[in-house]
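Presented below is the structure to which this report refers.
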Amino acid sequence: MPRLPITKTPKVYVGGAFIRSESGRTFPLRDARGRLIGHVPQCTRKDLRNAVEAAAKAGPGWARRTAYNRGQILYRLAEMIEARTGELSHALAPASNRAAAREVAASVDRLIHYAGWADKCEQALGSVNSVAGPFFNFTTSEPMGVIGVIAPAECPLLALISLIAPAIVTGNTVVALASEPQPYPAIVLGEMLATSDLPGGVINLLTGLRRELLPTFASHAHLRALSGVANAEERTALERGSADSIRRVRLRADTARTDWFADTAQGLSMIRDLVEFKTTWHPIGA
Amino acid sequence: MPSAPARSVRRRRTPTAPELIFGNLWEFDPSPETADPKLKAQYDLLIDGRFVPARRGARFTSINPANEKALAEVALADESDVADAYAAAARAFPRWSRLPGSERGKYLFRLARLLQDRAREFAVAETLDGGKPIRESRDFDVPMAAAHFFYHAGWADKLTYAFPGARHVQPLGVVGQIIPWNFPLLMLAWKLAPALATGNTVVLKPAETTSLTALKFAEILQEAELPPGVVNIVTGAGATGAAVVAHPQAAKIAFTGSTEVGRHIMRATAGTGKRLTLELGGKAANILFDDAPLDQAIEGVINGIFFNQGHVCCAGSRLLVQEGIADEVVARLTLRLRSLRVGDPLDKNTDVGAINSGEQLARIKRLVAAGVREGATLYQPPCALPRKGFYFPPTLFTGVQQSHRIAREEIFGPVLSILTFRTVDEAIEKANNTAYGLSAGVWTDKGSRILKLSTELKAGVVWANTYNKFDPASPFGGYKESGFGREGGRHGLADYVTLS
Amino acid sequence: MSAVRTLAFRRFLHEVGPVDAVGVEERVAKYGTRSIKRQAKVFGLKLAASMVDLTTLEGKDTPGKVAALCAKALRPDDRDDGGMSCPPVAAVCVYPSMVAAARRALGPRSPVRIASVATAFPSGQAPLATRLAEVRAAVGAGADEIDMVINRGAFLSGEFTRVGDEISAVRDACGQAALKVILETSELETYDAIRAASFIALRRLRPGDFIKTSTGKTSSNATLGNNQVMLDAIRDHYLASGVAIGMKPAGGIRTAKQALTFLIAVKETLGDAWLTNTRYRFGASSLLNDLLRQLEKERTGAYQAPYRFSEATESY
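Given below as structure tokens:
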């Protein structure tokens, strides 16, 4: 008689810990054949609030690390994922094994792409400005703070990582809402984050329903930017809600058909979208 | 970290402290600028390269805030006029955007030169219409506006160099731009120059109290033979602005003004796909450490708050001074206030001119009254204000607490709130304890401390041992609720293009 | 500059506070934008004339030349019958050997004072005893004021007490004569050093004494920036101690426009009480005739040729 396997209770990764929703609510997740995978936390606005608190707490320390160190940590995260390709591929079901393996590989490559940017993006984004006076004037980039990431339904691992990596590489911290139909890869990703060198709270992953959580993403004043994919109605609500705190909104239309595997889904411009620019003046004199 | 010991030279005061006399022994005679501003009695809208009256014929009066006299009648644009402007801009866009960058650049060089040629005339017009001292409009606003056109002219054929990795740099289309009344011509230049250099066409709305230099600039656009429709200027108040924001042909809205109106614009453009840049309010901290070059710091604090009557979004309206030197600094500031000359903006010796409007004056008075009510101590130097016109004396508040309205709300007037701190960390906390994040100042002789503060302060511009410096090459813009997007430099171009 | 970077200098600068060079230049640039017209201009020009230390400090000076200088000092405008259009200058400034000649030319109770540079002017490179002897000789010959140079070598080596003690010794040697302490700003190089040197001098001086920028014998002389840093120091010293010291920029101020700008700095930094020749002087020679030209222009409305005024050096 075959051994009865131990199933895993899906928990979300928030503030460096694995939690269930404070509400105790879950929704069942089934595979293509209808077999139960698990009961995934149906996170609430309070979970989102807690995640923002965790992200805000982790932010200053993360931003103060050297860019070199952040790059190392992103690279380490890629290593952890690469080593557990099988588990993540499995989590990406119902995608075919080949498609799932391809998405995991692309996710690893994406992390490595951004790991390499960590200590270079400033050289491409910043500037020394020749002003008409005896002043040294330079512009540097800085993290915005806590970024709300809203992942699309598709490419539940690759799109999520493609949105998170350019945010955290400069010292932002993230509260991300995973793909609504396919949240499980985010659950597994959380387990890998926990074993990487990434400090708790830098990435916080929530699962749940967009219609329940997006209004809080729209109104939470501590979220300094929103990045992700939304339909027209959601975008309008998120942008309108962002007016109160003058939040930066970087949402793509769900109709834009982003090819998450393509090189165009990565790069400096995505980093640039999630930094502030600061210009410093100082007189030159003896 | 503990504060350095206060210097004995600054501390030692005898019981009957010696006084300096800033009296009238050598009183300056009036020295009004006499250049002709060449204002017309009546101004129309600039649409499709021609001056046209508003379709419904409505007009409003622009007054001189220094004496409340009417200066000119200005056309009041409504939705239909704004629609005409957008139509003209949309017609002009294909040719303008396809023009070689080097040719577009030459138009901008022309604009810069023509503005330099007529600089004094524009300075006088700016002062008459807005109330700022002629010394500032002559030495700052107008030359800086010309410099912005000059700077951006050179970018027009070099845009791919501005964005590492970008193969194609494309303009957005028609851009709606709404500018404030504090630096009317300069803000016009900040908006038009990058938009035109990158190949966009523009519908621009000046502020209703300060439309005249924009309309005079329309004459320069004609003198430069800028193709019709590339820049259209619609004048009016909030309703006109709302029409500019709402028009479906706007690919982008660029706004400088209050945070409150910025929020309206965000809501109005939500879901429309319009790009947006906002340069909004501020409540900047000017942080003064006890090792600072004190005389220059005092001058910087004065310049930080009284420049342009404090009608500056990045004004250093909160002075955070280290406890050990607080009394000394307040004494120095009150002394310096007494040699500031308040009065007729056209007088070449005026340091602080007229408040831009009666409405703004009322707001300043309201907030100052709140400051007194909340328990802060008010100081105003003895100064005779003109009887007609909108004026407010340079004002200091001491004993201000973080919770006071005058420490939290943007006053946009010549009012400085003085708070104290003990340690570096406390200074950073207090400076950042605001929803705004446009600018900050740091005064200290210690280099590593400057870099620490410049890293920790949540502000888009940090002035160290200086204040209120601007340059076309220097990106300007806010963190947090002071808005987003940058103006100036390579970074300012990014908000007027799409990259691929 | 390396010599200045001594511990003593750092300590002293910490006490009196540093100066930001760009900030100073910015401040003084604003004085230049002041527009002085009509009555205010006439007042300023006359005030400036009354503050001139009319100077001749040349190896070829003779009693005759000094006599001519004194005549000019007493009655700057030779076409002025009543002496009302331009007041006499504050002082003539000559070498010690010329003091007696100046006294003969001016008489015992002249409104024009006699200032004499002493202390091995301009270098100061003589033994202290020699310098003090020179001071006593000049005072003995009738000098009302002594312009001394500080010991820059000692200052640059950080020997601030020695610099101060020498000033005290000269001050004592002056007796009733007023003392002007020349910092020789061009040899101090930085505004920080000028501020420090100002305080070293200020703390040794009596009311009625002055600090002074330069000898006029080096490459750069009085500038608005140096003037400002020294005025700021005078103000700080006055507010802290109640002792009011005067200021004398010297060298390089040749035009009326320049002089008015310096005076605006005084008005806006130290206020009305320093707008007098007991507290502010110009060490200059050609300045006086330019002040006269501008006064005459204000009076007549016509621009003037320089050679219409006595003692003019311009001949073209």
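Protein chains in written order, with our numbering: chain R, 1 to 286; chain Z, 287 to 786; chain E, 787 to 1102.
Just so it is clear, CB atoms sit at the ideal spot from N, CA and C, and this is done for glycine as well.
All figures in this text were calculated on a predicted structure; none of them were measured in a lab.
**Item:** Residue interval of the beta strand (DSSP E) (run including Leu840 of chain E)
**Value:** Taking the first residue of the third sequence as position 1, residue 840 of chain E is located at position 54. Leu840 of chain E: member of the beta strand (DSSP E) spanning 838-841, first to last residue.
**Message:** If I measure Cβ to Cβ from Phe707 of chain Z and keep anything under 8 Å in the same chain, skipping five residues before and after, which residues do I get?
**Reply:** By 1-based counting over the second sequence, the position of residue 707 of chain Z is 421. For Phe707 of chain Z, the CB contacts under 8 Å within the same chain, skipping 5 residues up- and downstream, are Ile573, Leu606, Val607, Gln608, Glu609, Ala713, Lys716 in chain order.
**Message:** Let me check one thing: in DSSP terms, what residues is Ala356 of chain Z bridge-paired to?
**Reply:** For this step, residue 356 of chain Z is matched to residue 70 along the second sequence. Looking at the DSSP assignment, Ala356 of chain Z forms a beta bridge with Z:Ile349.
**Prompt:** How would you call Phe676 of chain Z, buried or exposed, if buried means at least 16 neighbouring beta carbons within 10 angstroms?
**Reply:** Position 390 of the second sequence holds residue 676 of chain Z. So Phe676 of chain Z ends up on the buried side.
**Residues near Asp254 of chain R in its chain [Cβ-Cβ closer than 6 Å; skip 5 each side]** = The sequence position of residue 254 of chain R within the first sequence is 254, counting from 1. Excluding sequence neighbours, Asp254 of chain R sits near Val229, Asn231.
**Message:** Measuring alpha carbon to alpha carbon, tell me which residue in E:Thr1062, E:Leu1025, E:Glu1054 is nearest Gly994 of chain E.
**Reply:** Working through the third sequence from its first residue, we reach residue 994 of chain E at position 208. Looking at the Cα atoms, E:Thr1062 is the closest of the given residues.
**Request:** Let me know the secondary structure DSSP gives Trp260 of chain R once reduced to three states.
**Result:** By 1-based counting over the first sequence, the position of residue 260 of chain R is 260. Coil.
**Item:** Span of the alpha helix (DSSP H), counted from its first residue to its last, around Gly950 of chain E
**Value:** Along the third sequence, read from residue 1 onward, the residue named residue 950 of chain E stands at position 164. Going by DSSP, Gly950 of chain E is part of the alpha helix (DSSP H) stretching over 946-960.
**Message:** Measuring CB atoms only, is the segment 14-32 of chain R touching the segment 60-72 of chain R, in the sense that at least three cross pairs come out at less than 8 Å?
**Reply:** Because the criterion of three Cβ pairs below 8 Å is not met, the segment 14-32 of chain R and the segment 60-72 of chain R do not touch.
**Prompt:** Using the beta-carbon of each residue, which ones in chain E are nearer than 7 Å to Ala286 of chain R?
**Reply:** Within the first sequence, residue 286 of chain R is the residue found at index 286, counting from 1. Per Cβ cutoff of 7 Å: Ala807, Thr976.
**Request:** Using beta-carbon positions only, say whether Ala940 of chain E and Pro882 of chain E come within less than 8 Å of one another.
**Result:** In the third sequence, counting from the first residue as 1, residue 940 of chain E sits at position 154. In the third sequence, counting from the first residue as 1, residue 882 of chain E sits at position 96. Not closer than 8 Å, so no.
**Request:** Tell me, please, which residues DSSP counts as bridged to Phe707 of chain Z.
**Result:** Numbered from 1 along the second sequence, position 421 holds the residue referred to as residue 707 of chain Z. According to DSSP, Phe707 of chain Z bridges with Z:Gln608.
**Request:** Leaving out five residues on either side along the sequence, give the residues of the same chain with a beta carbon under 6 Å from the beta carbon of Ala912 of chain E.
**Result:** What you label residue 912 of chain E is simply residue 126 of the third sequence in a count that begins at 1. For Ala912 of chain E, where only same-chain residues beyond five positions count, the Cβ hits under 6 Å are Ala906.
**Item:** Ordered list of beta strand (DSSP E) runs contained in the segment 123-195 of chain R, each at least 3 residues
**Value:** Segments of the beta strand (DSSP E) lying fully in the segment 123-195 of chain R: 135-143, 146-150, 173-177.
**Request:** Could you name the residues of the same chain whose beta carbon sits closer than 8 Å to that of Gly391 of chain Z, not counting the 5 residues immediately before and after it, in chain order?
**Result:** Along the second sequence, one-based indexing puts residue 391 of chain Z at 105. Shown here for Gly391 of chain Z: same chain residues with a beta carbon closer than 8 Å to its own, the five before and five after excluded, namely Ala439, Gly440, Trp441, Ala442, Asp443, Ala483 in chain order.
**Prompt:** Should Asp731 of chain Z be labelled buried (16 or more other beta-carbon atoms within 10 Å of its own) or exposed?
**Reply:** Residue 731 of chain Z sits at position 445 when you count from the first residue of the second sequence. Classification for Asp731 of chain Z: buried.
**Item:** Boundaries (first-last residue) of the beta strand (DSSP E) holding Trp281 of chain R
**Value:** Position 281 of the first sequence, counted from the start, is the residue given in the question as residue 281 of chain R. First-last of the beta strand (DSSP E) with Trp281 of chain R: 275-283.
**Item:** Length-filtered (3 minimum) beta strand (DSSP E) runs lying within the segment 185-256 of chain R
**Value:** For the beta strand (DSSP E) assignment, the uninterrupted runs of no fewer than 3 residues enclosed by the segment 185-256 of chain R are, from N- to C-terminal side, 203-206, 223-230, 248-253.
**Message:** Taking only three categories from DSSP, how would you classify Trp749 of chain Z?
**Reply:** In the second sequence, the residue the question calls residue 749 of chain Z occupies position 463. It is a strand residue.
**Asked** Quick one: Cα of Ala176 of chain R to Cα of Met1 of chain R, how far?
**Response** For the purposes of this step, residue 176 of chain R is identified with residue 176 of the first sequence, where counting begins at 1. For the purposes of this step, residue 1 of chain R is identified with residue 1 of the first sequence, where counting begins at 1. In a straight line, the C-alpha of Ala176 of chain R is about 42 Å away from that of Met1 of chain R.
**Message:** Just to make sure I have the definition right: I need the residues of chain E whose C-beta is within less than 8 Å of the C-beta of Ile307 of chain Z. Which are they?
**Reply:** In the second sequence, residue 307 of chain Z corresponds to position 21, counting from 1. Going along chain E in sequence order, the residues near Ile307 of chain Z (Cβ under 8 Å) are Gly1057, Asp1058, Ala1059.
**DSSP-derived helix/strand/coil call for Gly926 of chain E** = Residue numbering aside, residue 926 of chain E sits at position 140 when the third sequence is read from its first letter. Helix, per DSSP.
**Asked** Nearest-angstrom Cα distance between Asn1013 of chain E and Glu1054 of chain E?
**Response** Within the third sequence, residue 1013 of chain E is the residue found at index 227, counting from 1. Within the third sequence, residue 1054 of chain E is the residue found at index 268, counting from 1. One C-alpha to the other measures close to 13 Å.
**Message:** Tell me which residues share the same chain as Ile284 of chain R and place their Cβ nearer than 6 Å to its Cβ, disregarding the 5 neighbours each side in the sequence.
**Reply:** One-based indexing of the first sequence puts residue 284 of chain R at position 284. Excluding positions up to five away in sequence, the list reads Pro134, Phe136.
**Prompt:** Using a beta-carbon distance below 8 Å, is Ser625 of chain Z in contact with chain E?
**Reply:** Within the second sequence, the letter at position 339 stands for residue 625 of chain Z. Cβ-Cβ to chain E under 8 Å: yes for Ser625 of chain Z.
**Entirely enclosed alpha helix (DSSP H) segments - the segment 622-675 of chain Z, minimum 4 residues** = If you keep only unbroken alpha helix (DSSP H) runs of at least 4 residues inside the segment 622-675 of chain Z, you get 644-659.
**Request:** Could you name the residues of chain B that Thr139 of chain R contacts, counting a contact when the two beta carbons are closer than 9 Å?
**Result:** The displayed structure is made up of protein chains R, Z and E, and chain B is not among them.
**Prompt:** Nearest chain Z C-beta to Val131 of chain R closer than 8 Å, yes or no?
**Reply:** One-based indexing of the first sequence puts residue 131 of chain R at position 131. Val131 of chain R counts as touching chain Z.
**Request:** Take the Cβ of Arg453 of chain Z as the centre, count every other Cβ of all protein chains shown within 10 Å, and call the residue buried at 16 or more, exposed below.
**Result:** One-based indexing of the second sequence puts residue 453 of chain Z at position 167. Exposed, because fewer than 16 other Cβ atoms sit within 10 Å of the Cβ of Arg453 of chain Z.
**Message:** For chain R, check one thing: does any of its Cβ atoms lie closer than 8 Å to the Cβ of Gly451 of chain Z?
**Reply:** Working through the second sequence from its first residue, we reach residue 451 of chain Z at position 165. Gly451 of chain Z counts as touching chain R.
**Prompt:** Is Leu458 of chain Z near Lys355 of chain Z, with beta carbons less than 8 Å apart?
**Reply:** As a working note, residue 458 of chain Z is residue 172 in the second sequence. As a working note, residue 355 of chain Z is residue 69 in the second sequence. Contact annotation: Leu458 of chain Z and Lys355 of chain Z have beta-carbon atoms that are not nearer than 8 Å.
**Request:** Give me the Cα-Cα distance between Asp322 of chain Z and Val658 of chain Z, rounded to the nearest whole angstrom.
**Result:** Against the second sequence, residue 322 of chain Z aligns to sequence position 36. Against the second sequence, residue 658 of chain Z aligns to sequence position 372. In a straight line, the C-alpha of Asp322 of chain Z is about 43 Å away from that of Val658 of chain Z.
**Asked** Do the segment 796-812 of chain E and the segment 568-584 of chain Z make contact, defined as three or more Cβ pairs closer than 8 Å?
**Response** Touching, yes.
**Message:** With the cut-off set at 8 Å, would you say Arg622 of chain Z and Asn635 of chain Z are in Cβ contact?
**Reply:** Against the second sequence, residue 622 of chain Z aligns to sequence position 336. Against the second sequence, residue 635 of chain Z aligns to sequence position 349. It is not a contact, given that the beta carbons lie outside the stated cut-off.
**Prompt:** Hey, quick one: how far does the alpha helix (DSSP H) through Arg938 of chain E stretch, first residue to last?
**Reply:** Locating residue 938 of chain E in the third sequence gives position 152, counting from the first residue. The continuous alpha helix (DSSP H) containing Arg938 of chain E extends over residues 938-942.
**Prompt:** From Z:Tyr722, Z:Ala369, Z:Arg691, pick the residue whose C-alpha is nearest to that of Ile246 of chain R; which is it?
**Reply:** Position 246 of the first sequence holds residue 246 of chain R. Z:Tyr722 is the residue among Z:Tyr722, Z:Ala369, Z:Arg691 whose C-alpha sits nearest the C-alpha of Ile246 of chain R.
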